[in-house]
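Only one structure is covered here, and it is reproduced in the block below.
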Amino acid sequence: MKTTLDLPDRVLRNAKATAAVRGESLRDFVTAALEARLRSETSTPGRSGWRALFGLARQSDVVAVDRIISRDLETVDLAEWR
Numbered sequence: 225m226k227t228t229l230d231l232p233d234r235v236l237r238n239a240k241a242t243a244a245v246r247g248e249s250l251r252d253f254v255t256a257a258l259e260a261r262l263r264s265e266t267s268t269p270g271r272s273g274w275r276a277l278f279g280l281a282r283q284s285d286v287v288a289v290d291r292i293i294s295r296d297l298e299t300v301d302l303a304e305w306r
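Reminder that position 46 of the sequence shown reads as 270 in the numbering used here, one-by-one numbering, no gaps.
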């Protein structure tokens, strides 16, 4: 099916360049990108990272957990992980 899209110049330039580097047509590149986005949107609507694993959390809970994770990650000693 044919359609017309009005894309920002920088987005279209980046898409064309990326498709060319991959040896794909712009049509194939855009199709794959849209399919990937649709898969991710339908599998976990509005969720990413840890949120996708725990279902639909309240926004206040998400903020609280993110704050705890950020705080705890600041205390990690990278030397212990090498």
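Where a beta carbon is used, it is the ideal one built from N, C-alpha and C, also for glycine.
Leaving aside the five residues that flank K240 on each side, the residues in its chain whose CB is nearer than 7 Å to its CB run, in chain order, L250. In the DSSP assignment, K226 falls outside any alpha helix (DSSP H) and carries neither an H nor an E. If you draw a straight line from the Cα of T228 to the Cα of F253, it comes to about 16 Å.
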